[in-house]
Amino acid sequence: MRIVIAGGHGQIALRLERLLSARGDEVVGLIRHAEQSDDLRATGAEPALCDLESASVDDVAAHLRGADAAVFAAGAGPGSGVDRKETVDKGAAILFADAAEQAGVRRHVVVSSMGADADHPGDEIFDAYLRAKGEADAYIRGRKGLDWTILRPGSLIDDAGTGLVRLEASTGRGMIPRDDVAAILAELVDTSATAGLTLEAVGGSTPISVAVKSVAGN
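Structure (structure tokens):
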């Protein structure tokens with residue numbers, strides 16, 4: 199498979215690129231800065247310069263054309279302000295979805311956030327983040343040209359992955375290693391039967407492959 203990942207230098211994306219490359223997929227990671235290229239090459243991925251805050255739909259579609267799947271794993275990051283929640287967490291997600299549709303890439307997996315809600319109240323930066331993510335998710339759910347799956351992990355931690363998770367439409371709050379989020383994404387990319395699902399993920403007791411098969415069969 200050829201898989202294009204938005205936010206290719208992110209912590210989850212780098213883990214995902216390593217997993218996908220190791221199993222033989224052709225992986226392209228979209229990055230904002232050329233100096234990030236070597237980090238992607240170290241995972242086995244091909245870096246592609248594309249700033250999702252300034253690119254056009256045509257620009258992004260050119261990178262997506264010929265891909266079998268697209269993964270949106272970009273984020274403005276914890277140190278960013280409200281403006282970048284709008285331009286990255288919302289705007290870039292919408293742009294990437296539009297570009298995937300234009301390029302004819304149906305399989306579309308999105309890393310969102312537990313608690314994402316277009317109507318989330320509050321004036322803090324995290325409130326703006328959850329609204330931005332919720333608005334992006336709502337937009338993507340409306341794209342008829344995409345076989346989308348939205349993954350909403352719990353609180354992300356850097357502990358080593360266990361390979362054991364709880365993956366359901368609603369899990370309740372919890373923590374999950376970034377390693378395990380990447381491993382779930384790798385399974386979801388391959389599992390088109392999860393199209394149309396919004397899933398929450400936290401640490402649990404079910405092997406990841408089994409958890410994905412279980413939700414795909416519901």
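According to my numbering, the sequence shown is numbered sequentially starting from 199. Every residue gets a Cβ at the ideal spot worked out from N, C-alpha and C, and that includes glycine. Because the structure is a prediction, the values reported are computed rather than measured.
For residue j and residue i, believed in contact at Cβ under 8 Å, the rounded distance
i      : j      : result
Ala259 : Ala291 : In fact, because the Cβ distance is near 15 Å, the residues do not count as touching under 8 Å.
Leu386 : Val307 : 5 Å
Arg420 : Leu397 : The shown model of the chain, from 199 to 416, leaves out residue 420, and the question about it has no answer.
Ala271 : Gly313 : Between Gly313 and Ala271 the Cβ distance is about 18 Å, and since that is not below 8 Å, they are no contact.
Ala381 : Gly359 : 6 Å
Ile348 : Gly279 : About 25 Å separates the two Cβ atoms, so there is no contact after all.
Leu293 : Leu250 : 6 Å
Arg371 : Gly352 : 6 Å
Leu354 : Thr404 : That belief does not hold up - the Cβ atoms of Leu354 and Thr404 are roughly 19 Å apart, past 8 Å.
Beta-carbon spacing of residue i, residue j below 8 Å
i      : j      : result
Val255 : Gly273 : no
Gly206 : Glu215 : yes
Ala297 : Leu262 : yes
Arg341 : Glu299 : yes
Gly401 : Met373 : yes
Leu228 : Val202 : yes
Val309 : Leu238 : no
Ala458 : Leu247 : Because the chain spans 199 through 416 in this model, residue 458 falls outside it and cannot be assessed.
Lys417 : Ala253 : Residue 417 is absent from the model: the chain starts at 199 and stops at 416.
Ala243 : Val225 : yes
Asp388 : Pro375 : no
Ile406 : Asp378 : yes
Ala414 : Thr369 : no
Lys288 : Ala334 : yes
Val303 : Ala267 : yes
Ala367 : Tyr337 : no
Asp315 : Gly332 : yes
Residues that residue i bridges to, as DSSP identifies them
i      : result
Thr396 : Ile348
Gly227 : Ile203 and Pro245
Thr369 : Its beta-bridge partners do not exist; DSSP assigns none.
Gly401 : Val363
Delimiting residues of the alpha helix (DSSP H) encompassing residue i
i      : result
Ala265 : Neither: Ala265 is in no alpha helix (DSSP H) and is coded neither H nor E.
Leu218 : Gln209 to Ala220
Ala358 : That residue, Ala358, is in no alpha helix (DSSP H); it is neither H nor E in DSSP.
Ala409 : Ile406 to Ala414
Residue span of the beta strand (DSSP E) that contains residue i, given as start and end
i      : result
Glu385 : Counting along the chain, Glu385 falls outside any beta strand (DSSP E), though it belongs to the alpha helix (DSSP H) covering Arg376 to Asp388.
Ala366 : For the record, residue 366 in the displayed sequence is Glu; it is not Ala. Per DSSP, Glu366 belongs to the beta strand (DSSP E) from Leu362 to Glu366.
For this session: Taking only runs that begin and end inside the segment 268 to 352, name each unbroken beta strand (DSSP E) of 3 or more residues, in chain order.
Result: 305 to 309 and 345 to 351
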